[in-house]
Amino acid sequence: MNENISRYSRQIKLPEIGLEGQQKLKNAKVLIVGMGGLGCPAAQYLTAAGVGTLGLLDHDKVDITNLHRQILYTEDNIGQPKAEAAQQYLKKLNSDINFHTYVENLNTENAISIIEKYDIIIDGTDNFQTKYLINDTCLLTNKPWIYASIYKYEGQISVFNYKNGPTYRCLFPKAPKNDISCEETGVIGILPGILGTYQATEAIKLILELGDPLSCKLKIIHTLTMQEQIIKFKRNEAAANTILQKPLKLETVDCQLKDNNTIYLDVREPHEQPQPEHKNILRIPLSQLRDRYREIPTHKPVNVYCQSGIRSKKAIELLNETFDFTNLINVEGGIQKILK
Amino acid sequence: MSNSVTVKYFGAIAEQTGISGETLELTHDLQNASQIKAYCIHKYNLNDQETIQVAINQELNDQGTVKEGDEIALLPPFAGG
Numbered sequence: 001m002n003e004n005i006s007r008y009s010r011q012i013k014l015p016e017i018g019l020e021g022q023q024k025l026k027n028a029k030v031l032i033v034g035m036g037g038l039g040c041p042a043a044q045y046l047t048a049a050g051v052g053t054l055g056l057l058d059h060d061k062v063d064i065t066n067l068h069r070q071i072l073y074t075e076d077n078i079g080q081p082k083a084e085a086a087q088q089y090l091k092k093l094n095s096d097i098n099f100h101t102y103v104e105n106l107n108t109e110n111a112i113s114i115i116e117k118y119d120i121i122i123d124g125t126d127n128f129q130t131k132y133l134i135n136d137t138c139l140l141t142n143k144p145w146i147y148a149s150i151y152k153y154e155g156q157i158s159v160f161n162y163k164n165g166p167t168y169r170c171l172f173p174k175a176p177k178n179d180i181s182c183e184e185t186g187v188i189g190i191l192p193g194i195l196g197t198y199q200a201t202e203a204i205k206l207i208l209e210l211g212d213p214l215s216c217k218l219k220i221i222h223t224l225t226m227q228e229q230i231i232k233f234k235r236n237e238a239a240a241n242t243i244l245q246k247p248l249k250l251e252t253v254d255c256q257l258k259d260n261n262t263i264y265l266d267v268r269e270p271h272e273q274p275q276p277e278h279k280n281i282l283r284i285p286l287s288q289l290r291d292r293y294r295e296i297p298t299h300k301p302v303n304v305y306c307q308s309g310i311r312s313k314k315a316i317e318l319l320n321e322t323f324d325f326t327n328l329i330n331v332e333g334g335i336q337k338i339l340k
Numbered sequence: 001m002s003n004s005v006t007v008k009y010f011g012a013i014a015e016q017t018g019i020s021g022e023t024l025e026l027t028h029d030l031q032n033a034s035q036i037k038a039y040c041i042h043k044y045n046l047n048d049q050e051t052i053q054v055a056i057n058q059e060l061n062d063q064g065t066v067k068e069g070d071e072i073a074l075l076p077p078f079a080g081g
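Those protein sequences? They're chains A and B, same order as listed.
Residues in the first sequence are numbered consecutively from 1, following UniProt numbering.
Residues in the second sequence are numbered consecutively from 1, following UniProt numbering.
So, in structure tokens, the structure goes:
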């Protein structure tokens with residue numbers, strides 16, 4: 001215990017924290033959904049601060065394009081599940097912490113059973129569908145969650161469903177048609193670092209009941225101008241009740257094809273968003289093309305798309321060279337170009 | 001500058017407008033938040049119109065009337081992480 005006290009001595013010294021606060025941190029259980037640019041710094045600071053139980057959830061593996069912003073990972077981790085690679089690092093930082101890793105997506109099947117085990121949920125996700133799912137699950141299980149999102153140089157952060165406060169649906173009632181990820185738009189690596197660190201700050205404030213949490217407030221940060229803004233908003237009781245009265249369901253990110261008569265081949269992985277529903281879309285991930293190329297029509301034009309147009313180009317090269325396709329057209333610019 | 005408001009743009013909206021904000025003269029047809037939103041959507045041909053939220057003087061309010069000197073913000077949701 002003495003060693004533990006020394007480790008946390010600089011924060012225990014703060015009169016608002018003290019030994020009692022440190023014990024509260026030790027008893028706290030925080031789940032981080034998405035171990036990317038936001039989740040990494042949040043997990044790092046919460047581990048260092050001595051939050052007793054940390055859940056790390058991510059279905060994805062470390063990729064070299066993650067390293068400029070997902071600061072828990074090194075080149076040696078490429079190809080490893082993020083949740084496990086993060087745990088390896090964090091255990092070295094603080095062996096007192098009880099980690100739970102989930103190498104899976106959050107979905108309607110597992111969301112309640114995972115989230116109900118924790119006190120606070122941190123949103124490190126990169127898509128609207130999971131953000132709405134976290135929101136609705138937190139309403140059903142009565143948990144506060146700490147939201148953040150980034151776009152290029154700009155970030156948003158808020159605390160939802162805290163002590164009957166507003167939820168994500170009170171701020172943004174309608175899910176947008178298109179998910180635009182860092183993969184497509186680009187992002188400055190430090191931005192999720194700033195937002196993730198703010199999320200960890202809010203989590204510690206909630207655990208210790210310190211200061212004013214960002215409930216009823218959306219904080220917007222712009223890194224190019226360093227301007228910040230706080231927008232206030234209220235809980236919409238009717239919207240909350242609609243969620244509470246229904247079983248959990250995925251928000252459909254409403255997207256439709258511009259042209260319903262063209263045949264499409266989607267070579268993305270099944271989890272990638274958005275996923276327009278249409279009978280003319282054939283879905284074969286790039287990695288399965290060699291085994292499933294026979295499913296692709298050969299006698300009419302097929303438009304091949306992915307998220308940005310790069311993988312679909314590779315797919316066409318493979319199919320033309322290896323299986324003699326001549327009818328494939330690359331959708332330059334990816335999925336967004338074929339949506340209404 | 002008589003009878004005008006400031007409009008601030010965020011996220012992808014600022015990219016589509018090409019500016020972070022501007023001053024708008026309040027006219028007979030520009031008297032409330034939803035009219036200002038509709039005006040900006042039309043002027044800049046903004047995407048995902050129904051998801052854009054409006055704040056008047058740093059408070060979410062898509063119906064309220066506006067008056068001289070108010071600060072209006074157009075906020076898009078985004079989901080990067």
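C-beta: ideal position from N, C-alpha, C; glycine also.
Only a predicted model underlies this, so the values are computations on that prediction, with no experimental measurement involved.
Contact between A/R268 and A/Q307 holds, since their C-beta atoms are separated by about 6 Å, short of 8 Å.
In this structure, the straight-line span from the alpha carbon of A/T262 to that of A/L318 is close to 22 Å. For B/A38, no Cβ of chain A is located within less than 7 Å of the residue's own Cβ. Within chain A, the residues placing a beta-carbon under 9 Å from that of B/L75 are Q156, L171, F172, L218, I220 and I231, ordered along the chain. For the UniProt domain "Rhodanese" (258 to 340) of chain A, the full-length beta strand (DSSP E) segments reaching 3 residues or more read 263 to 266, 281 to 283, 302 to 305 and 328 to 330 along the chain. If only complete runs of 4 or more residues are kept, the segment 26 to 52 of chain B shows the alpha helix (DSSP H) at 33 to 44, in order along the chain. Between B/S2 and the set B/T23, B/L75 and B/G11, the nearest pair of CA atoms involves B/T23.
Residues of the segment 84 to 104 of chain A with a C-beta atom less than 9 Å from some C-beta of chain B do not occur.
When Cβ-Cβ separations below 7 Å define contact, A/D126 makes contact with chain B.
B/L30 and B/Y39 have their C-alpha atoms spaced approximately 8 Å apart. Taking the Cα of A/I121 as reference, the smallest distance to any Cα among A/Y264, A/E20, A/N4 and A/L46 is reached at A/L46. Residues are counted here when their Cβ sits less than 7 Å from a Cβ of chain B; for the segment 32 to 52 of chain A these are G34, G36, G37 and L38, given in chain order.
Residue burial is scored here from C-beta neighbours: A/I5 has fewer than 16 other C-beta atoms within 10 angstroms and is therefore classed as exposed. Exposed is the label assigned to A/Q245, since fewer than 16 other Cβ atoms lie within 10 Å of its Cβ. For A/N241, the three-state secondary structure derived from DSSP is helix.
About 6 Å separates the beta carbons of A/L57 and A/L106, which is inside the 8 Å limit, making them a contact pair. Going by beta carbons, A/K217 and A/K232 fall inside the 7 Å limit. Beta-bridge partners assigned by DSSP to B/A73: B/K8 and B/A55. Chain B has no Cβ within less than 7 Å of the Cβ of A/Y73.
Any Cβ of chain B closer than 7 Å to the Cβ of A/S287 would place that residue at the interface, and such an atom is absent. A/K143 and A/F325 have their C-alpha atoms some 52 Å from each other. Counting along the chain, the unbroken beta strand (DSSP E) around A/S158 starts and ends at E154 to F160. Apart from the 5 residues on each side of it in sequence, B/I41 sits with its Cβ closer than 8 Å to the Cβ of Q49 and I52 in its chain, given in chain order.
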